[in-house]
Structure formats: C-alpha cells, structure tokens
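In my numbering, the protein residues as written are 319 to 803.
Right under this line is the structure:
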C-alpha cells in the first residue's frame with residue numbers, strides 16, 4: 319500500500335494535473351497530427367512516394383496550423399469560444415516571432431491569454447450596461463489579444479526558441495555520444511505515474527518537430543510511444559506472474575499493442591514497482607539501437623500502437639525501428655522474469671477499491687445503509703437516484719472510452735441502462751456527475767477537478783474487466799434503493 323500512497327500524493331496529483339492540462343491541448347488534435355504525419359511520410363523528398371507539389375503542404379501545416387490548433391484548444395478548455403479565439407490570436411505572436419515550430423509557445427500563450435480574458439470577463443460581467451455587451455466583449459478580446467500577441471512576439475517566442483535550441487543541442491550531443499538511452503531512466507517511471515504527457519507533449523514532441531525538417535525523422539517520437547518495452551513487461555507477467563495479474567496481462571498486451579492505449583499497463587507496475595526496471599532496461603536498449611541504426615518516426619504515433627508506429631516510420635528507419643522495438647520487448651520480458659522471481663507475489667495482491675463520498679472513504683456498500691453512517695448516507699443519497707457516471711482516465715480518450723463501454727454493458731445486464739455513462743479526462747470532472755470511476759493513480763487528480771461535494775469516487779484496477787465494476791453496481795443499487803424510500 320506504500321506505493322499507492324506515493325502514487326496518490328497531493329503534490330504528484332498536481333503535477334499530473336499539469337500534465338493533463340498539457341495533454342488536453344494536444345489530444346483533441348491528434349487526428350490532424352496523424353494526417354500530417356501520413357502526408358509527410360508519403361510526400362516529402364525521402365518519403366514513400368515523393369511529390370514536390372503535395373509536399374509543399376507539410377511545412378505550413380507544421381509551422382502554422384498545429385500551433386494555432388493547440389493554442390485554440392487550450393483557450394477553449396479554459397474559457398470556451400472566447401478563450402479559443404484570443405488564444406489563437408495570441409499564438410500568432412509566437413509563430414511570427416520565431417523561425418521554428420512554436421508548439422511549445424502555443425502551450426504557453428494559449429492558456430495565458432485565455433486565462434487573462436476569463437479573469438477580465440469575471441470582473442466586468444455584472445457591470446456592463448444592457449446593450450453594450452457586444453461592444454465590451456469584442457473590444458476587450460481585441461485589446462487583450464493584441465497585447466498578448468505583442469508580448470508573445472517580443473518575449474515568449476524568443477525565450478522558447480532559445481530553450482528549444484539549447485535542449486535540442488543537448489539531445490543532439492547525447493545522440494552523438496550514444497547517451498540518449500539515459501532518457502529511459504526518466505521516461506519509464508514517468509509513464510507509470512501518469513506523467514508521460516508532461517514529458518512527451520511538453521518536451522519531446524516539440525524537439526521532434528524541430529528535427530524532422532532537417533533529418534526527415536526523429537527518435538523523440540519513439541521515446542514515450544515505443545510500446546515494445548512495456549509489452550515485454552506485460553509478457554513477463556502473463557508468462558511468469560500469478561493470479562489476477564497473470565490472467566489480465568494478455569488482454570492488456572492486446573490493448574496496448576494494437577489499440578495503443580498504454581494506460582492499461584500502468585496499474586500492473588504500480589502494483590509491483592520493481593517491474594519499472596524491466597521497462598526501463600528494455601527502453602534503454604531500444605533507444606541505443608535506434609541511435610546507432612538510425613531509427614525514428616516522421617511524426618507523433620497516436621495512438622501509440624504498433625500499427626501507428628508502422629504508419630509513421632519512414633523508409634530509412636524500417637529496419638532500425640523493427641530491430642529496436644523487438645529488442646526492447648525481449649530485454650524487458652527477460653528482466654521482468656528475473657524481477658518476478660525476486661518478488662513473485664506482490665503484483666497479485668488484491669487492492670481495495672474504496673468508495674469516497676464528500677471526502678470520506680466508505681469501506682463497503684453496507685456503510686451506506688441509514689443508521690450505520692448517517693452523515694455519509696445523507697450526502698451520498700442527495701435525495702435522487704444515480705443518473706450520470708463519468709469514467710475518467712488521463713487524457714479522456716483512450717482507456718476511459720473502453721471503460722465506459724464496458725460499464726454500459728454491465729449496467730445493461732443489471733437493467734440499469736437508463737444511467738448515462740460518459741468518459742473524459744480526470745482533469746475535467748466538474749460538477750455534473752453522481753459517480754466518478756477512475757484508476758487509483760488518478761484519484762487525487764480527479765478529486766482536485768471535482769466541483770460537487772456529493773460526487774462519489776470509485777477506483778478500479780482495470781477499466782476493461784467487468785468484475786471490477788461490481789462495487790459500482792452494488793453502490794448504485796443501494797443508493798437508488800435509499801433514494802426511492
């Protein structure tokens with residue numbers, strides 16, 4: 319249980335929330351990234367089918383469209399349509415003020431400009447005289463947007479350009495001296511602590527996009543998305559583990575490898591932290607081989623599946639990527655086997671999945687019966703039946719979507735299919751849900767973003783396992799029975 323306390327610490331939850339905010343800027347736009355990656359892989363001079371005319375779209379999309387999309391999405395997440403518009407306007411400041419792709423600049427100016435506008439709107443919304451709303455709204459957005467764009471052009475753009483140049487130089491130096499495998503020391507733990515989006519979207523992807531125009535590919539796109547090592551760790555659990563972990567690891571391998579949802583792997587390592595060294599070793603070997611053999615991708619592989627990796631692989635890196643990913647799988651599987659011999663049972667321990675209502679943990683469904691815990695019952699019942707459930711993962715697009723589908727199926731079997739089940743990020747819980755279902759590692763983050771004291775939180779070990787929703791079904795039935803009396 320000690321590792322769970324670390325994984326759920328408030329400080330770590332705030333860091334994860336920051337990573338979730340960054341992920342929330344990028345994830346909704348991944349379809350555009352995939353389209354661009356395919357275009358680049360096919361039409362650039364060293365692509366599959368080079369085409370000078372069609373290849374002319376690659377640069378403008380990378381340098382203009384992506385920063386604007388990310389900036390707009392960041393602003394929209396903070397302040398709706400107005401936030402998106404001012405964020406896109408301010409993002410043009412960093413785009414024009416730099417000669418490199420300003421994805422990082424968009425991640426700064428998008429949230430900053432929309433937050434400033436949101437604060438201004440909150441201050442003046444009750445002071446505007448009737449009939450002047452449109453005048454004030456348009457001019458406030460225009461003036462604040464103008465100031466933000468100038469600020470971005472003069473300061474943020476040059477500073478970020480300098481930082482990216484420094485970091486890129488460091489990465490190039492590490493690559494030249496075969497030290498890039500050291501990234502595995504940071505990436506493997508970051509993944510299982512749900513911090514991978516902070517590193518991937520905030521640092522690695524911008525460097526990768528800066529390298530692609532010159533090199534035609536980048537290893538940076540294969541640091542986080544390389545699922546060979548994590549598949550090797552899951553294979554070790556499937557072959558040499560015990561109990562529930564051994565039974566569910568094969569399905570997790572399929573989901574992580576084919577569907578590209580790496581989050582299904584995280585709970586296995588959180589249950590047995592020693593296994594992070596298996597993934598770390600596999601990733602280090604994989605990165606080493608990519609450096610010496612010239613591996614890399616043309617763009618972000620999203621979702622991070624073997625299929626997406628293959629689609630983003632340029633001709634010059636086919637053998638390197640195939641060998642390095644396969645080697646990472648073999649090494650991590652071997653290390654996982656050795657580590658499981660050292661700690662053969664820790665990954666199989668049953669973990670409690672508590673129900674938390676109003677900040678109080680309830681150990682079992684019977685605790686909701688009136689007379690046993692009346693204070694909790696009063697809050698939990700809220701005099702209405704369960705109507706809306708949120709299944710929340712890190713990004714709100716991968717494992718939570720599968721979990722929501724599994725839960726809908728389970729509720730239909732229990733004749734509870736009138737309940738609405740949706741999925742989203744643990745960063746966007748809000749106030750509209752009666753129950754939030756998430757992984758234990760995301761619990762604190764989900765609670766931080768919740769605005770309803772009556773919301774119940776239930777953790778699961780595996781989003782895709784029907785039996786993991788037993789506690790949820792029991793809670794709903796007990797709750798609805800109380801609400802009806």
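Idealized CB from N, CA, C, for every residue including glycine.
- Taking the CA atoms as reference points, residue 640 sits about 12 Å from residue 545.
- For residue 560, there is no enclosing alpha helix (DSSP H), as DSSP gives it neither H nor E.
- Under DSSP, residue 706 takes part in a beta bridge, and its partners are 738.
- Residue range 594 to 611 is occupied by the alpha helix (DSSP H) that includes residue 595.
- Looking from the CA of residue 611, the closest CA among 635, 410, 487 and 374 belongs to 635.
- Our two residues, residue 703 and residue 773, have alpha carbons roughly 12 Å apart in a direct line.
- The straight-line gap separating the alpha-carbon atoms of residue 587 and residue 637 is approximately 30 Å.
- For residue 711, DSSP records a beta bridge to 743.
- DSSP places residue 754 within a strand segment (E or B) once states are collapsed to three.
- Among the bridge pairs identified by DSSP, residue 778 is matched with 757.
- Taking a 10 Å sphere around the C-beta of residue 442, we find fewer than 16 other C-beta atoms and assign the residue as exposed.
- Taken atom to atom, the span from the alpha-carbon of residue 343 to that of residue 760 is near 19 Å.
- For the 8 Å CB-CB criterion, residue 645 and residue 709 do not form a contact.
- Look at the beta carbons and you see the stretch 544 to 563 touching the stretch 647 to 662: at least three pairs across the two are nearer than 8 Å.
- By DSSP's assignment, residue 536 forms a beta bridge with 615.
- At a Cβ-Cβ threshold of 8 Å, residue 650 and residue 547 count as neighbours.
- Nearest neighbour of residue 533 by Cα position, chosen from 749, 779, 352 and 363, turns out to be 363.
- Nearest Cα to residue 730 within the set 434, 791, 377 and 564: 791.
- In the three-state reduction of the DSSP assignment, residue 748 falls in the strand class, which pools E and B.
- Taking all protein chains shown into account, residue 529 has 16 or more neighbouring C-beta atoms within 10 Å of its C-beta and is therefore buried.
- Residue 421 and residue 453 have their C-alpha atoms spaced approximately 32 Å apart.
- The straight-line gap separating the alpha-carbon atoms of residue 582 and residue 776 is approximately 17 Å.
- Residue 401 and residue 465 have their C-alpha atoms roughly 15 Å apart.
- Here the stretch 363 to 381 does not lie against the stretch 392 to 410, with fewer than 3 beta-carbon pairs under 8 Å apart.
- As computed with DSSP, residue 768 is found in a beta bridge with 748.
- Secondary structure at residue 542: coil, using DSSP grouped into helix, strand and coil.
- Boundaries for residue 591: no alpha helix (DSSP H) harbours it, and the DSSP string shows neither H nor E there.
- For residue 622 and residue 613, the gap between their C-alpha atoms comes out near 16 Å.
- Inside the stretch 405 to 480, DSSP marks whole alpha helix (DSSP H) runs of 4 or more residues at positions 421 to 442 and 451 to 469, from first to last along the chain.
- Secondary structure note for residue 361: its alpha helix (DSSP H) is the uninterrupted segment 348 to 361.
- Taking each of 769, 355, 449 and 570 in turn and checking the Cα distance to residue 384, the smallest one comes out for 355.
- By the Cβ neighbour-count rule, residue 451 is exposed, with fewer than 16 other Cβ atoms within 10 Å of its own.
- Annotation: residue 503 to residue 448 spans about 59 Å, alpha carbon to alpha carbon.
- Taking one beta carbon from each stretch, the stretch 426 to 436 and the stretch 396 to 411 have 3 or more pairs nearer than 8 Å; the two touch.
- For residue 640, the enclosing alpha helix (DSSP H) begins and ends at 636 to 660.
- Taking the Cα positions, residue 467 is about 34 Å away from residue 491.
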